[in-house]
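Heads up: the sequence shown begins at 0 in numbering that gives the first Met the number 0, then just goes up one per residue.
By construction, the Cβ of each residue, glycine as well, lies at the ideal position given by its N, Cα and C atoms.
Being a predicted model, the structure only gives us computed values, none of them experimental.
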Amino acid sequence: MQTLPSPGRRDDPQTVQNRQELAAQVALLRSRLQQVRQGGPQAAHRKNRARNKLFVRARIELLLDEDTPFLEIGALAAFGRYDNEAPSAGIVCGLGRIADKLCVVVGNDATVKGGTYFPETIKKHLRAQEIALQNRLPCIYLVDSGG
0 MQTLPSPGRR DDPQTVQNRQ ELAAQVALLR SRLQQVRQGG PQAAHRKNRA RNKLFVRARI
60 ELLLDEDTPF LEIGALAAFG RYDNEAPSAG IVCGLGRIAD KLCVVVGNDA TVKGGTYFPE
120 TIKKHLRAQE IALQNRLPCI YLVDSGG
């Protein structure tokens, strides 16, 4: 593939500043994603382990074809709301391959308020279903919810 020439200079002060600001934003995004992927509080993690239950992302990983990517949708839904007690709005949604077929996967995170729904959870769940419908994809549900 041909590389397009750039009129800017790498050592230009504005380019350097833009690169630094972008790097800071990328670092912030990665930090927030890491934070929400932890799920709910440690007490809920202990309860989940005591019941010998797999965490939602582990269930999804086992479901997907080996060594295939999972494109998570709305990982930062409800971020900064509910005293940060609703990471990813309590539900993991995304696209992945199962038996070599692209599918939409929706899984409740039982470590977040027992897998119950917040208003953002409903929006996120409906968006995942909409993506499946628009693209004629199977939708797989991994339900682990108190309601």
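Rounded separation between residue i and residue j - CA only
| i | j | result |
| --- | --- | --- |
| Arg-50 | Ala-43 | 11 Å |
| Gly-106 | Ser-30 | 22 Å |
| Phe-69 | Pro-4 | 33 Å |
| Leu-28 | Ala-77 | 14 Å |
| Tyr-140 | Gln-41 | 25 Å |
| Gln-229 | Ala-74 | Outside the displayed span of the chain (0 to 146) sits residue 229, for which this structure offers no information. |
| Ala-131 | Tyr-116 | 20 Å |
| Thr-150 | Arg-135 | Residue 150 is absent from the structure shown; the chain starts at 0 and stops at 146. |
| Val-104 | Phe-54 | 15 Å |
| Met-0 | Asp-10 | 25 Å |
| Arg-45 | Asn-17 | 43 Å |
| Leu-21 | Leu-32 | 16 Å |
| Asp-99 | Arg-48 | 31 Å |
Integer-rounded CB distance, given that residue j should sit under 8 Å from residue i
| i | j | result |
| --- | --- | --- |
| Leu-63 | Ile-90 | Contact flag wrong, Cβ pair sits at about 17 Å. |
| Pro-86 | Val-35 | 4 Å |
| Val-110 | Gly-39 | Checking the displayed sequence, the identity of residue 110 turns out to be Thr instead of Val. About 3 Å; that satisfies the 8 Å criterion. |
| Gly-114 | Gly-145 | 6 Å |
| Ile-59 | Ala-127 | Actually they do not touch by this definition, with Cβ atoms about 13 Å apart. |
| Leu-102 | His-124 | One point to set straight first is that residue 102 is Cys, not Leu, in the sequence displayed. Not quite, the Cβ-Cβ distance comes to about 15 Å (not below 8 Å), so this is no contact. |
Cβ neighbours of residue i in the same chain (closer than 7 Å, five flanking residues each side left out)
| i | result |
| --- | --- |
| Lys-122 | none |
| Thr-67 | Gly-95, Arg-96 |
Sequence-distant residues of the same chain with beta carbon closer than 8 Å to residue i, five excluded per side
| i | result |
| --- | --- |
| Lys-52 | Ala-109, Asp-143 |
| Glu-84 | Gly-39, Pro-40, Val-111, Lys-112 |
>> At 4 residues or longer, what runs of the alpha helix (DSSP H) sit wholly inside the stretch 0 to 48?
In response: Inside the stretch 0 to 48, DSSP marks whole alpha helix (DSSP H) runs of 4 or more residues at positions 12 to 35, from first to last along the chain.
> Curious, which full-length beta strand (DSSP E) runs of at least 3 residues does the stretch 92 to 127 contain?
Replying inline: Listed in chain order, they are 100 to 107.
> Which parts of the stretch 58 to 86 are runs of the beta strand (DSSP E), unbroken and 3 residues or longer, counting only runs that do not cross its ends?
Replying inline: Counting only runs of 3 or more residues that sit fully inside the stretch 58 to 86, the beta strand (DSSP E) segments are 69 to 72, in chain order.
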